[in-house]
Every structure is written in structure tokens, then in C-alpha cells.
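Numbering (my numbering), first residue to last: 1 to 262.
Positions of the beta carbon are idealized from the N, C-alpha and C atoms, including for glycine.
Working notes, beginning with the structure itself.
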Ligand code: KIV
């Protein structure tokens, strides 16, 4: 997969699939799947480190996870998130972050929003680094939104997101994530832009879908947003395997003679 394929898949109306990956272990498994591309999302701060939001992600954290994913999935196109405020402090700090993420093995960077950092996006693109945009419920702005809430619900808000999508395209982004927006807005953006839209909670009329791997694997039984479908119940599977191990250790059933060195 390259950024050329993103555009080609949109033109040919073939859906793009993307999942998050944060570590070598899962990247290696996903590298053997048909998934088109991987996102080292700043959701790593929540999923892997237990922080309450993505605001706690740092460049060092993203570099650490990107390196592990690149080692585990050398055959996949890897997008790495630019963490909170790294693209809002001016061109030089933004480019230092981009340099570190690309050096860690990313093939593209993703950043949230557009207004106020158009110059940064343009500069990254013109430096030869593919940029994926991210609009709608941009988690780095949850305090501005008052929580994890669907965005673009009224006419004005929808128009604003549509304009931002146009701006991202003009700035040279190769694709855009649309997170938690009404399906008709996502459809309108998808229909009016040349770059692929990747939805999460944005309905079916987008060019691709992305989910957090641990969410689609059902690793957190408490997390049940409307948009999420669990394709497995790994929380139960893991708990049950570990409990089986615990029981067999305590019942002196593990290890057996066959599992011991004589
Ligand atoms: O960080 C992340 O996991 C993301 C996806 C939800 C799109 O940005």
C-alpha cells in the first residue's frame, strides 16, 4: 500500500481498511492479515498506558510504539499520530516530531484539525511527508467539545467540517479520518473530495473504515459506543485462558510429564 493506492482505491470504489497497532506482538499478527494499513494512534495513551485521554501522548511515546509496530509489520503502510500540541507550537517543533516519527518507521503522519496550523500541514506535505487529516470528534479537543460527543450535528457545524475537509485536500493531505460525525455529512464529504475518507463512527458512505484493534477484538467489556462492532470477545477468551492456567497450576495438572524435561 502506498498513498497512490489510497487514491486508486477511492477511484475504483474499493474500501480501505485500517486498524490501530501499538506494539510488536499485535503488529506481527495483523501483518499476516489483509488489513490495508496500520495507525499508530495516540489512543495508545489510553489503550496501552491507561491515561484518561489522548492528551497525555508524547512524541517519545509515539516513537516508541511506532518503532515496535514497524518491526512487527514491515509489509504494511504505517501512519503515526502527531501528539497533542506538537503541530501547534510552530514549524520547527512540528518538523522535529515528524522527523522522529518517520525515523521510527512511519510512512505518513496524521494530525487533527486544520484551522491555525495550515502552514504546518503545507510544510510537512511539501517536505515529502504524506499527511492524513482527522476531523469531526478530534479527541485532542475533547475539553473544547465537552466530552466524546458526535460533531457536525447542526447545519453550521456540518458546513464547518465540510470546509475543513476541503481545506485539507487543498493543503495536499492524502486522506482524512472522519470521526463520529453524522452519516449524511460523511457521505457529502466523501462525495465532494478527491482524497479518501476513513470513517470511525461516520457510517458506511466513506472510502474506508478504521477501528482501534483492541475495541474490535472486544478487549474492554465496558467500552460500548454505538459505532463499535466487536469481531471477537478477547476479554473473555484471555480471562478464561489465564484462569485455566491458574487452576491447573494449583491442581498440580500443569506441567505434565510430557511438558517437563527428564
Ligand atoms: O488515535 C487513534 O486511535 C485514532 C483513531 C481513532 C482514528 O486517531
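What alpha helix (DSSP H) runs, 4 residues minimum, are completely inside the region 186-239?
Every alpha helix (DSSP H) of 4 residues or more that sits fully in the region 186-239 is shown, in chain order, as 213-216.
Count the other CB atoms, across all protein chains shown, that sit within 10 Å of the CB of residue 139; report buried if there are 16 or more and exposed otherwise.
Mapped onto the chain shown, residue 139 falls at position 139. Residue 139 comes out buried.
In the DSSP assignment, the beta strand (DSSP E) including residue 30 goes from what residue to what residue?
Here the question's residue 30 lines up with position 30 in the chain shown. Note, residue 30: premise wrong, no beta strand (DSSP E); alpha helix (DSSP H) at 24-31.
Helix, strand or coil, according to DSSP, for residue 35 in the structure here?
Here the question's residue 35 lines up with position 35 in the chain shown. Coil.
Residue 101 - DSSP class collapsed to helix/strand/coil:
What you label residue 101 is simply residue 101 of the chain shown in a count that begins at 1. In this structure, residue 101 counts as helix in the three-state DSSP scheme.
Buried or exposed for residue 259, going by 16 or more other Cβ atoms inside 10 Å?
Locating residue 259 in the chain shown gives position 259, counting from the first residue. Taking a 10 Å sphere around the C-beta of residue 259, we find fewer than 16 other C-beta atoms and assign the residue as exposed.
Check whether the Cβ of residue 43 sits closer than 6 Å to any heavy atom of ligand 1, and report yes or no.
To locate residue 43, count along the chain shown from 1; it is residue 43. Indeed, a heavy atom of ligand 1 lies less than 6 Å from the Cβ.
Beta-carbon gap between residue 8 and residue 196 smaller than 7 Å:
Position 8 of the chain shown holds residue 8. Position 196 of the chain shown holds residue 196. No, the pair does not count as a contact, with Cβ atoms beyond the cut-off.
Which residue from 81, 134, 164, 180 puts its Cα closest to that of residue 153?
By one-based count along the chain shown, residue 153 stands at place 153. Among 81, 134, 164, 180, the Cα nearest to that of residue 153 belongs to 180.
Straight-line gap, residue 241 to residue 108 (C-alpha atoms, nearest Å):
Translated into positions along the chain shown, residue 241 becomes position 241. Translated into positions along the chain shown, residue 108 becomes position 108. Taking the straight line joining both Cα atoms gives about 37 Å.
Given that a residue counts as buried once 16 or more other Cβ atoms are within 10 Å of its Cβ, and exposed if not, what is residue 87?
Walking along the chain shown from the start, residue 87 turns up at place 87. Per the 10 Å Cβ criterion, buried.
Following the continuous beta strand (DSSP E) through residue 134, name the residue where it begins and the one where it ends.
Residue numbering aside, residue 134 sits at position 134 when the chain shown is read from its first letter. In the DSSP assignment, residue 134 falls within the beta strand (DSSP E) that extends over 131-136.
Short check: CB of residue 18 to CB of residue 206, under 7 Å?
For the purposes of this step, residue 18 is identified with residue 18 of the chain shown, where counting begins at 1. For the purposes of this step, residue 206 is identified with residue 206 of the chain shown, where counting begins at 1. Not closer than 7 Å, so no.
Distance CB(residue 122)-CB(residue 171) smaller than 7 Å:
In the chain shown, residue 122 corresponds to position 122, counting from 1. In the chain shown, residue 171 corresponds to position 171, counting from 1. Yes, the Cβ-Cβ distance between residue 122 and residue 171 is below 7 Å.
Decide if residue 65 is buried, meaning its Cβ has at least 16 other Cβ atoms within 10 Å, or exposed.
Here residue 65 refers to the residue found at position 65 when the chain shown is read from its first residue. Residue 65 is buried by the Cβ-count criterion.
What is the residue span of the alpha helix (DSSP H) that residue 18 lies within?
Taking the chain shown and counting its residues from 1, the one referred to as residue 18 is at position 18. Taken as a continuous stretch (DSSP letters only), residue 18 belongs to no alpha helix (DSSP H), being part of the beta strand (DSSP E) at 16-20.
Exposed or buried, what is residue 76 when buried is set at 16 or more other beta-carbons lying within 10 Å of its beta-carbon?
Along the chain shown, read from residue 1 onward, the residue named residue 76 stands at position 76. Classification of residue 76: buried, given that the 10 Å Cβ count is 16 or more.
Considering only C-alpha positions, which residue in the set 25, 119, 82 is nearest to residue 45?
In the chain shown, the residue the question calls residue 45 occupies position 45. Considering only 25, 119, 82, the residue with the shortest C-alpha distance to residue 45 is 82.
What's the call for residue 130, buried or exposed, on a 16-neighbour Cβ count within 10 Å?
Numbered from its first residue, the chain shown carries residue 130 at position 130. Buried is the label assigned to residue 130, since at least 16 other Cβ atoms lie within 10 Å of its Cβ.
contact_flag[the region 228-236, the region 55-75] where n(CB pairs < 8 Å) is 3 or more
The region 228-236, when compared against the region 55-75, does not touch it at the 8 Å Cβ threshold.
Quick one: Cα of residue 36 to Cα of residue 22, how far?
Taking the chain shown and counting its residues from 1, one reaches residue 36 at position 36. Taking the chain shown and counting its residues from 1, one reaches residue 22 at position 22. For residue 36 and residue 22, the distance between alpha carbons rounds to 16 Å.
Whole angstroms is fine: what's the gap from residue 220's alpha carbon to residue 115's?
Residue numbering aside, residue 220 sits at position 220 when the chain shown is read from its first letter. Residue numbering aside, residue 115 sits at position 115 when the chain shown is read from its first letter. Spanning the alpha carbons of residue 220 and residue 115 requires a straight line of approximately 34 Å.
Are any of the Cβ atoms in chain E nearer than 7 Å to that of residue 96?
No chain E is part of this structure, which consists of one protein chain only.
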